[in-house]
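Structure first, commentary second.
In the numbering used here, the protein residues as written are 2 to 193.
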């Protein structure tokens, strides 16, 4: 299990966010669709610690990266797993809708129930929400509380059992929602 440590400080992410307005967009890497590759490389991340400062840092770095994509408004949300308390939330630009908040909640619920990323769930079930619903014996109403669309990633902490936080991006294509989280973590945290 790889453990990640943050590279920069909160001041760095604030500067990155301000500088992003004039920078050239950086392509988002599309995650693999093979389940073994997802589990190995981008299903969840284990940090040496994860505090509200880390959530602030990660949120601002995501904002800086997404602000480069003009015309693609996204909602970024980071919450604690034990209480679902939102510790960071913002939009990357004008144009998000209340529906983005609904998607965030559904994606977060999936991570917390199945202990994996929503991209993993999407690939495991081939995007077939009916097969997913039937597999877990859910009514249509129950299934509406969950989403198997990429864009929610569990955060773990070394020495702590279970998910500690959930990072969610909503507004891009689902592979990009997932990919941008993975990119930003890998670019700004290093393996120890």
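Cβ coordinates follow ideal geometry from the N, Cα and C atoms, glycine included.
Per DSSP, the unbroken beta strand (DSSP E) holding residue 80 starts and ends at 76–81. Residue 191 is positioned such that its CB atom lies no closer than 9 Å to that of residue 149.
Residue 185 sits in a helix when the DSSP states are folded into three classes.
In the DSSP assignment, residue 112 falls within the unbroken alpha helix (DSSP H) covering 99–115.
Our two residues, residue 54 and residue 65, have alpha carbons roughly 16 Å apart in a direct line. Every beta strand (DSSP E) of 3 residues or more that sits fully in the stretch 109–170 is shown, in chain order, as 153–158. If you draw a 10 Å sphere on the C-beta of residue 98, you find fewer than 16 other C-beta atoms in it, and that means exposed. Distances from the CA of residue 171 to each of 45, 75, 34, 84 were compared; the closest alpha carbon is that of 75. Sequence-distant partners of residue 101 (beyond 5 residues in either direction) whose C-beta falls short of 7 Å from its own C-beta, in its chain, are 76, 171, 172.
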